[in-house]
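Numbering (our numbering), first residue to last: 13 to 661.
Okay, so here's the structure we're looking at.
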Amino acid sequence: MDKSERIKELIDILNEAGKVYYSGTDEIMSNFEYDRLYDELVELENETGIHMSGSPTSKVGYETLSELPKENHEKPMLSLDKTKSVDTLAEFAGVHKCLLSWKLDGLTVVLTYNNGELVKAVTRGNGYVGEVITPNAKVFKNIPLTIPYKGELILRGEAIITYSDFNRINDSIIDDAEKYKNPRNLCSGSVRQLNNEITAKRNVKLIAFALIKAEGINFHNSVEEQFEFLEKQGFEVVERKIVDGTTVHSAVQYFSDKIKENDFPSDGLVMIYDDINYGLSLGTTAKFPRNAIAFKWKDETALTTLREIEWSASRTGLINPVAIFDPVELEGTTVTRASVHNVSIVKELKLGIGDKITVYKANMIIPQIAENITSSGTAVIPDKCPVCGENTQIIESAGASFLYCVNKDCSAKHIKRFEHFCERNALNIEGISMQTLDKFIECGYIKEFEDIYHLDRYEERIVSMDGFGKKSYDNMIESINNSRTAMLANVIYGLGIDGIGLAGARLICRYFEDDVYKVINATKDELLLIDGIGEVLADSYVKYFSDEKNRKEFELLLKELHLVKEERNTNSPVSGKTFVITGSLNHYANRDELKAVIEQNGGKTTGSVSAKTDYLINNDLTSNSSKNKKAKELGIPVISEDDFIKFLE
């Protein structure tokens with residue numbers, strides 16, 4: 013392969029890895045591997061003079077993929093040039109006064125205050141376009157909603173989740189494969205939630221690291237004074253040390269020692285000239301400002317021997333590989349295992365039992381494999397699920413290969429199935445957590461949905477379980493009994509039929525006027541007559557009730573329930589109107605709650621704007637989102653939540 017082709021290949025690989033990583037969903041390669049490939053790309057670009065427009069060396073950040081409102085940044089938010097050499101830092105500083113601080117590993121957010129109040133929060137996004145997350149920022153754990161300064165204040169900070177909170181959240185997740193990979197992924201997903209109640213529960217914090225604008229304040233040309241000003245306004249500002257070329261080595265050592273005790277994620281340090289005008293006079297490159305530089309830790313690696321690859325099955329059917337190796341000391345702790353994430357990485361590393369591998373801690377915290385010295389490639393990808401023994405299947409997704417158990421009855425999947433059945437929009441049974449379900453399933457108390465309504469058979473044993481007591485048991489049974497009175501649509505949704513959400517279940521039940529016989533015997537042709545039900549959903553629905561086991565389970569469940577019909581206000585001004593909902597919400601907990609209100613008042617909701625749409629609900633009336641543009645093109649009114657509430661009244 014010639015060098016230009018290798019450049020194109022590296023761009024594709026790195027961009028795919030970056031898209032997955034920055035979306036906050038997963039990882040398809042280790043940080044170590046990403047850095048190695050990135051450095052190879054930089055070297056090839058410099059050597060050949062070829063710089064492709066899509067190269068990760070000439071763009072930054074994640075692409076905005078969610079349904080949050082988008083906004084252009086006034087100025088591009090460039091990333092920093094980086095080094096792993098302390099000598100380079102010293103050379104960069106020279107005789108100049110500099111500030112050395114943590115490079116925090118979270119999600120960059122731009123905050124704007126007017127008249128002392130927080131009015132806007134926007135993520136960094138791709139450096140040019142970010143996502144508006146103002147309602148979410150207002151529930152950050154440590155953010156001031158009002159400040160003493162009354163002029164326009166714009167600052168940048170890093171939204172982070174501490175290791176304590178990261179571990180707390182992961183500890184509540186039974187399935188190892190479902191646990192979050194690292195605090196940064198968890199933070200990214202938390203900050204960009206459409207429901208800020210979830211953000212609040214995650215204890216997101218914001219650490220300020222740059223002041224962009226504060227009219228009328230004389231900072232005496234000093235970044236340090238800007239930081240002190242932000243602290244006086246109530247912001248938590250990044251820890252920093254004043255250095256120059258002669259003192260930077262000792263300061264780096266201070267941070268290197270302290271990171272092992274930190275409760276927050278950091279992937280290096282940042283050094284910036286204190287002299288603001290001097291820094292600005294240096295200008296920027298296409299990607300990097302010249303007034304600051306990032307320092308990344310040289311990873312401490314250790315040589316060890318791979319002894320086993322453990323395959324862990326999850327509730328979704330995903331089977332994750334975990335490397336087990338001889339104990340080694342890294343960053344002051346003993347390490348024996350590291351997640352390998354997916355089948356692609358097993359193959360790329362050419363793993364095999366007995367191989368000599370080097371391991372390290374990403375950001376000095378998360379154990380990962382750096383490289384495989386032996387590269388035997390003899391690791392066997394299991395063709396049988398480690399839980400149920402049925403066949404496995406490799407599925408390609410997001411540019412990587414993942415191993416799945418294809419047995420729909422695999423016991424590893426039961427927890428997710430019953431958890432869905434108990435959730436609020438289904439049967440709304442409180443007091444049965446994932447951990448509780450795991451215990452009940454393991455003990456054989458729950459095998460089918462109907463079993464939930466007979467847990468009183470095991471009262472004595474449940475009360476004696478760890479974490480349970482008589483009061484917890486009584487509350488759980490009360491909630492179970494309350495759930496016996498239910499609407500058919502919620503029950504259908506609770507079955508977990510592929511693709512059938514609550515809205516789809518309501519459409520079907522309303523069409524058949526809550527007639528159970530008609531609902532479970534609906535044909536594909538009948539379902540296709542329902543506006544909002546397409547071929548894929550119709551096929552999935554018919555397939556579910558064509559399965560004799562599913563029908564029997566449903567019929568037994570019905571014996572435990574008292575079905576009631578949904579009350580609908582057909583005299584409401586909403587009746588007969590079609591709504592589309594987009595953007596974040598302020599009054600309703602989530603979109604499902606707003607959809608329920610619309611449907612209970614005789615209206616209908618759809619996912620896309622069309623000529624049949626009567627109203628688009630979006631709190632950002634000036635948004636340039638595709639839905640807003642489409643609504644304006646078609647002359648469809650765009651209304652806020654407040655407008656909708658007034659309309660409803």
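Cβ coordinates follow ideal geometry from the N, Cα and C atoms, glycine included.
Only a predicted model underlies this, so the values are computations on that prediction, with no experimental measurement involved.
Buried or exposed, going by whether 16 or more other CB atoms sit within 10 Å of the CB of glutamate 129?
exposed
Spatially closest choice to glutamate 567 from Phe461, Val203 and Thr174, by CA coordinates
Phe461
For glycine 106, count neighbouring C-beta atoms within 10 Å of its own C-beta (all shown protein chains included) and say buried if the count is 16 or more, exposed if not.
exposed
Which residue marks the beginning of the beta strand (DSSP E) containing arginine 319, and which one marks its end?
313 to 325
I'd like to know whether the C-beta atoms of valine 282 and leucine 92 end up nearer to each other than 8 Å.
yes
Glycine 588 beta carbon less than 8 Å from that of glycine 546
no
Using three-state DSSP, classify serine 91 as helix, strand or coil.
coil
Report the CB separation of threonine 60 from lysine 299 in whole angstroms; it is logged as a contact under 8 Å.
So it is not a contact: roughly 18 Å between Cβ atoms.
With distances taken Cα to Cα, identify the nearest neighbour of aspartate 367 among Phe337, Leu646 and His432.
Phe337
Check each candidate in Leu439, Cys434, His432 and Ile427 and name the one with the smallest Cα separation from glutamate 452.
Here residue 452 is phenylalanine; the residue named in the question, glutamate, does not match the sequence. Of the candidates Leu439, Cys434, His432 and Ile427, the one whose C-alpha sits nearest the C-alpha of phenylalanine 452 is Ile427.
Kindly indicate which residue of Lys483, Ile492 and Ile407 has the alpha-carbon position closest to the one of glutamate 436.
Correcting the residue identity first, residue 436 is arginine in this sequence and not glutamate. Comparing Cα positions, the closest option is Ile492.
Below 6 Å CB to CB, which residues in the same chain sit around serine 78 once its five sequence neighbours on both sides are set aside?
For serine 78, the predicted structure reports a pLDDT of 46, less than 50, and the residue's modelled location is therefore unreliable. A value from the coordinates is still provided. Contacts found: Arg204.
Please determine, among Val121, His261 and Ile181, the residue with the shortest C-alpha to C-alpha distance to alanine 222.
Val121
Glycine 280 versus alanine 171 - alpha carbon distance
16 Å
Rounded to whole angstroms, what's the CA-CA distance from glycine 163 to threonine 174? Just pull it up for me.
32 Å
Can you name the start and end residues of the alpha helix (DSSP H) that histidine 432 belongs to?
426 to 434
Contact set for glutamate 605: own chain, Cβ-Cβ below 7 Å, skip 5 residues either direction:
none
In whole angstroms, what is the alpha-carbon distance linking leucine 539 and isoleucine 520?
7 Å
Opposing strand residues paired with phenylalanine 1 [DSSP bridges]
Only positions 13 to 661 of the chain appear in this structure, which leaves residue 1 out of reach.
What's the gap between the Cα of serine 388 and the Cα of lysine 362?
6 Å
Around the Cβ of tyrosine 556, are there at least 16 other Cβ atoms within 10 angstroms (buried) or fewer (exposed)?
buried
Based on Cα-Cα distance, which residue from Thr582, Phe591, Val250 and Ile271 lies nearest to isoleucine 648?
Phe591
DSSP on aspartate 338, reduced to helix/strand/coil?
strand
If you scan the region 466 to 536 from start to end, which runs of the beta strand (DSSP E) of 3 or more residues do you find wholly inside it?
497 to 499
Residues of its chain near glycine 73, where Cβ-Cβ distance is below 7 Å and the 5 sequence neighbours each way are ignored
The predicted position of glycine 73 is uncertain, since its pLDDT is 47 and thus under 50; a value taken from the coordinates is nonetheless stated next. Closer than 7 Å at the Cβ level, and outside the excluded window around glycine 73, lie Tyr34, Arg136, Gly137, Asn138 and Gly139.
Beta-bridge pairing of asparagine 84 - partner residues as DSSP gives them:
Val141
Around the Cβ of threonine 317, are there at least 16 other Cβ atoms within 10 angstroms (buried) or fewer (exposed)?
exposed
Between the alpha carbons of leucine 449 and cysteine 434, how many angstroms are there, rounded?
10 Å
Inter-residue spacing [alpha-carbon to alpha-carbon] between glutamate 578 and isoleucine 464:
24 Å
Which word fits asparagine 354, buried or exposed, when buried means at least 16 other C-beta atoms lie within 10 angstroms of its C-beta?
buried
Report yes if the CB atom of leucine 330 is closer than 8 Å to the CB atom of tyrosine 416, and no otherwise.
yes
Which partner residues does glycine 169 have in the DSSP bridge list?
Val121 and Ala220
For valine 152, which residues in the same chain have their Cβ closer than 6 Å to its Cβ, ignoring the five residues on either side in sequence?
The displayed chain sequence assigns phenylalanine, not valine, to residue 152. Taken in chain order, the residues that qualify are Val216 and Leu218.
DSSP on threonine 345, reduced to helix/strand/coil?
strand
Taking contact to mean 3 or more Cβ pairs, one atom from each stretch, closer than 8 Å, check whether the region 108 to 117 and the region 283 to 290 are in contact.
yes
Per DSSP, cross-strand counterpart(s) of asparagine 126:
Glu129
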